[in-house]
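See structure below.
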Amino acid sequence: MEGSPDVRIVLLGKTGAGKSSAGNSILGEDVFSTSDQANSQTSKCEAKTKIIDGKKITVIDTPGYFATERSDEELKPEITKCIVECAPGPHAFLIVLTVTRQTAEEKKVVEEILKQFGKEALKYAVVMFTHGDQLANGRTIHQFVDENVHLKRLVQKCGGRLHVIDNKYWNNPIAGQGDETRNAKEIKKLWNTIDQMMKQNGGKHYTNETLQCVARAIEDEKAKGKTGEMAKQSVMKRIFILAAGVSTGVVLGALLGVVAVGAILVGLAIKERTSPDPVVKVVKEGAVAASAATGVGLGTVFIAGGGMGAIAGGLTGAAKGWEAETASEAAERTFQAITEPAMAAVKLVKDKIVEEMKGYTKMGNPPF
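Right, dumping it as structure tokens:
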């Protein structure tokens, strides 16, 4: 492999697609636990590293986004961990699918992948099918994909980057007989594809504001004397606290670039709760007004607070943001970070907050 001395690969896909086996194939040894069951063997995000041809290769295995037995709240911390593990960004997203009959559920998975991946992230994506031994009657993987409009569209959006492996031979990447030889060759082809993709992307890894902010936070923790793993754990814990109340889809969107640019970005859909906090009241009222005036749903009004901070449960929560020391600062940083799609709606929220807080201050109370 050429280019960067470090290569980070994130495995994404449906529960039971064979992501862990694919990771083992890539690294050439048994490092991820695997299962033949339909439910996902991977319950937590795991990162494994190996030196291959002088390069530090890190493969990050993730729980299936459509996990069969895990709730949204269980998955969210694992996606958060993935964000931290791959910061400042992965060199490749490996979208893992199976060679099976395309059911309604399979189609839904592909549609969700297309929805979650931002345009920039797709430049770094490769589609890998597992269980290639199940291709019937000598069909090729290209024929299999061409027969399904959803799969064909996905592969096209990933620049035509497509591979297939036979999972039962993942633990024998050395050239041997029959299928074993084909599997070993396919892994070599995959590395070539990743090399070419990296060249097309100027030798740079994928990144976005979220990942850059996480990388800076990790370096800040190291500067305080923490080791690499301790620094990651500290940052991970902080992100998870700041993202409380946010859906898994939003956290995943922050990684893949479909959520408005910022840091961990959250909707202004504040959880219903009784609170004397005037800021929470104003944010709720302002969000409703913005939604009504602009036609933008509350769940689609995304804003970033305090660098990695987030408005979740009111602006007072954003005061805990990494780069903001007060709620007022967090609020200002929040509105400076807004991108065009949400600008009109957010302006109404800001105006409402300013108006309400002026009156609140005149009564002798601090605005935050």
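Heads up: the sequence shown runs through residues 1 to 368, numbered per UniProt numbering.
Ideal Cβ positions, reconstructed from N, Cα and C, are used throughout, including at glycine.
Bear in mind that the values here come from a model prediction, so they are computed numbers and not experimental data.
In the assembly as shown, residue 137 is an exposed residue. Its beta-carbon has fewer than 16 other beta-carbons within 10 Å. By alpha-carbon distance to residue 110, the top candidate from 44, 152 and 88 is 152. In this structure residue 139 is exposed. Its beta-carbon is surrounded by fewer than 16 other beta-carbon atoms within 10 angstroms.
DSSP places residue 125 within a strand segment (E or B) once states are collapsed to three. As computed with DSSP, residue 162 is found in a beta bridge with 127. The three-state secondary structure of residue 133, taken from DSSP, is helix. DSSP, read as helix, strand or coil, puts residue 248 in helix. Taken through DSSP and simplified to helix, strand or coil, residue 61 comes out as strand. Exposure of residue 5 is indicated by the presence of fewer than 16 other C-beta atoms within 10 angstroms of its C-beta. Close CB contacts of residue 8 within its chain, under the 6 angstroms cut and outside five residues either way in sequence, are with 58, 86, 90 and 91 (chain order). Following the DSSP letters along the chain, one finds residue 93 inside the beta strand (DSSP E) bounded by residues 92-98. A residue is called buried when at least 16 other Cβ atoms come within 10 angstroms of its Cβ; residue 14 meets this threshold and is buried. Excluding sequence positions up to five before and after residue 17, its CB lies within less than 8 angstroms of the CB of 64, 96, 97, 98 and 130, all in the same chain and listed in chain order. For residue 7, the enclosing beta strand (DSSP E) stretches over residues 6-13. Under the Cβ criterion (8 angstroms, minimum of three pairs), the segment 107-126 does not count as touching the segment 22-37. With a cutoff of 8 angstroms on beta-carbon distance, residue 11 and residue 62 are scored as near each other. Distances from the alpha-carbon of residue 210 to those of 188, 235 and 134 put 235 closest.
Between residue 78 and residue 44, the C-beta spacing is below 8 angstroms. As DSSP reads the structure, residue 56 sits in a beta bridge with 6 and 51. Nearest to residue 183 by C-alpha distance, out of 133, 82 and 240, is 133. Excluding five sequence positions before and after residue 150, the CB atoms of its chain that fall closer than 6 angstroms to its own CB belong to 107 and 110, given in chain order.
Residue 46 carries a strand assignment under DSSP once its states are collapsed to helix, strand and coil. By the 16-neighbour rule on beta-carbons within 10 angstroms, residue 199 is exposed.
The straight-line gap separating the alpha-carbon atoms of residue 158 and residue 237 is approximately 33 angstroms. The alpha-carbon separation between residue 193 and residue 24 amounts to approximately 18 angstroms. For residue 104, the closest of 202, 148, 155 and 143 by C-alpha to C-alpha distance is 148. The Cβ-Cβ distance between residue 55 and residue 49 does not fall below 8 angstroms. 84 is the residue among 27, 84 and 71 whose C-alpha sits nearest the C-alpha of residue 254. In the structure shown, residue 116 falls within a helical segment according to DSSP collapsed to helix, strand and coil.
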